[in-house]
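>
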Amino acid sequence: MSQLHEATLRTKADVFIIESLDPDDEGNGRFEGGVISQILRLHRKQPLYRYVRTIEEFKAAVKEFGKSRYRYLHISAHGDPEGLCTTNQETIDFDELGDMLRPHLKGRRLFLSACSMVHNDMAAYVIPKTECFSIMGPEDDIEFHRAALFWASLYHLMFLKDAEKFNRARLTETLTKASALFEVNIKLFCRSDNKKGFDEVDVHSYTKPKKKPGPRRG
Numbered sequence: 001m002s003q004l005h006e007a008t009l010r011t012k013a014d015v016f017i018i019e020s021l022d023p024d025d026e027g028n029g030r031f032e033g034g035v036i037s038q039i040l041r042l043h044r045k046q047p048l049y050r051y052v053r054t055i056e057e058f059k060a061a062v063k064e065f066g067k068s069r070y071r072y073l074h075i076s077a078h079g080d081p082e083g084l085c086t087t088n089q090e091t092i093d094f095d096e097l098g099d100m101l102r103p104h105l106k107g108r109r110l111f112l113s114a115c116s117m118v119h120n121d122m123a124a125y126v127i128p129k130t131e132c133f134s135i136m137g138p139e140d141d142i143e144f145h146r147a148a149l150f151w152a153s154l155y156h157l158m159f160l161k162d163a164e165k166f167n168r169a170r171l172t173e174t175l176t177k178a179s180a181l182f183e184v185n186i187k188l189f190c191r192s193d194n195k196k197g198f199d200e201v202d203v204h205s206y207t208k209p210k211k212k213p214g215p216r217r218g
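Quick note on our numbering: the sequence shown kicks off at 1 and runs consecutively.
1) Could you give the C-beta distance for E32 and W151, rounded to a whole number, given that I count them as a contact under 8 Å?
2) Would you grab the beta carbon distance between M136 and L97 for me? Rounded to a whole angstrom, and I think it's under 8 Å.
3) Just confirm the distance between the C-beta atoms of F133 and C190, as a whole number of angstroms; I'd bet it's less than 8 Å.
4) Just to confirm before moving on: does the CB-CB distance between R53 and T11 stay below 8 Å?
5) Do three or more CB pairs link the stretch 99-110 to the stretch 70-82 at distances below 8 Å?
6) For R44, is the classification buried or exposed, using 16 other Cβ atoms within 10 angstroms of its Cβ as the cut-off for buried?
7) Can you give me the start and stop residues for the beta strand (DSSP E) that M158 sits inside?
8) What distance in whole Å lies between the Cβ atoms of A124 and F198, which are believed to be in contact at a cut-off of 8 Å?
9) Please state the DSSP three-state secondary structure of A13.
10) Per DSSP, what are the beta-bridge partners of V201 in this structure?
11) Is the beta carbon of L154 closer than 8 Å to that of A180?
12) So, helix, strand or coil for T86, using DSSP?
13) Kindly provide the ranges of any alpha helix (DSSP H) runs that are 4 or more residues long and lie completely inside the stretch 75-131, ordered along the chain.
14) By Cβ distance, which residues of its chain are closer than 8 Å to S116, with the 5 residues on each side in sequence left out?
15) When you compare each of R41, D202, A77, Q46 to E143 by their alpha carbons, which one comes out closest?
16) Within the same chain, show all residues whose beta-carbon is closer than 8 Å to that of L149, passing over the 5 residues directly before and after it, in chain order.
17) Starting from G27, trace the beta strand (DSSP E) both ways and give me its first and last residue.
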């Protein structure tokens, strides 16, 4: 058994949420993480939700995630192609984020709800460094209401089919359906044994493999 699969077996199929928004979002109650947490609890999950305002609090939450044994990390923040920022407007570039996550993300998955932050250069840095299974998130700007509905629906559909694990094929299929329904442009990058160390999966042109026909009933 590979070290990556051993790492997965030691983790728990649940979601750790780190959120950091700007003061206007706070004042208007636009907390994506709170919405997702409620949906997960309806699935009898025990999500851990940490709202942070500074880069030091963000680092502490990442370390807590590492110790939690939770398999899925969801980060909600304002972002751009270079990285994300905290409530206090401290920037975390994607390479800095990769360095933070390196000790904690092996054999796990990263769900990144930050505008335009998930792209090839980001995946090329973070996936080989952390040995995570996958990274996914919007490739351009996305509104709060659309993001909250999209992510909550994704987790609902994934845990509805299997409460104990996500796999690449089902994740790709579900991302395809959810992104089409909510009109969200999603990027998905998965760890690979190729030279780059990762693959990009085009969820927008994905078609479910056809099952081989079984014996007909008379």
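Idealized CB from N, CA, C, for every residue including glycine. In this text the structure is predicted, and so the values were computed from the model without any measurement.
Here's the rundown:
1) 7 Å
2) Rounded, the Cβ-Cβ distance is 15 Å, inconsistent with contact.
3) 7 Å
4) no
5) The stretch 99-110, when compared against the stretch 70-82, does touch it at the 8 Å Cβ threshold.
6) exposed
7) Where M158 is concerned, there is no enclosing beta strand (DSSP E), although the alpha helix (DSSP H) it sits in stretches over 144-161.
8) Indeed they touch by this definition, with Cβ atoms about 7 Å apart.
9) strand
10) L188
11) no
12) T86: coil per DSSP, three-state reduction.
13) 94-101, 120-130
14) G79, D80, P81, P138, E139, D140, D141
15) A77
16) F182
17) From DSSP, G27 is part of no beta strand (DSSP E) but of the alpha helix (DSSP H) over 23-27.
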